[in-house]
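Residue numbers (this note's numbering): 3 to 115.
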């Protein structure tokens, strides 16, 4: 079950498992930070970083021991989204299924609203 402060953003079990595996190997990182920045081929892009602590404007999303931070500004673009991790023939990556995106590029990391 997803435990979250922002009930409109969720993590899949696959994403939680991968986050836990990555953070176990990161020195000093306790969280995965997901943010939205201007840029990319469609206007906005997703950014994934590691963070040692929660900032005052962060929302924490948790599932199965994995914690993701999203700042308030990025949260506006991510409402209703699902953060997933998928392994495909061409590679493995975090994917964001964002219902607010009206268009996306082929790589899946850039979108427009």
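Positions of the beta carbon are idealized from the N, C-alpha and C atoms, including for glycine.
For residue i, which residues in the same chain have their Cβ closer than 6 Å to its Cβ, ignoring the five residues on either side in sequence?
i, result
"residue 53", "33, 35 and 71"
"residue 6", "Reliability fails at residue 6, whose pLDDT of 41 lies under 50, so the model's placement of it is uncertain and the value that follows must be treated cautiously. Taken in chain order, the residues that qualify are 63."
"residue 19", "none"
"residue 81", "10"
"residue 59", "73 and 74"
Locate the beta strand (DSSP E) running through residue i, then write down its first and last residues.
i, result
"residue 37", "33–40"
"residue 68", "68–73"
"residue 63", "60–65"
When you compare only the Cα positions, how much space is there between residue i and residue j?
i, j, result
"residue 65", "residue 13", "7 Å"
"residue 49", "residue 41", "11 Å"
"residue 28", "residue 55", "13 Å"
"residue 90", "residue 57", "34 Å"
"residue 15", "residue 83", "14 Å"
"residue 86", "residue 96", "6 Å"
Please list the terminal residues of the continuous alpha helix (DSSP H) segment that includes residue i.
i, result
"residue 23", "15–27"
For residue i, I'd like the list of residues in its chain whose CB is within less than 8 Å of its CB, leaving aside the five on either flank, ordered along the chain.
i, result
"residue 22", "66, 67 and 68"
Provide the residue(s) that pair with residue i in DSSP beta bridges, ordered along the chain.
i, result
"residue 89", "94"
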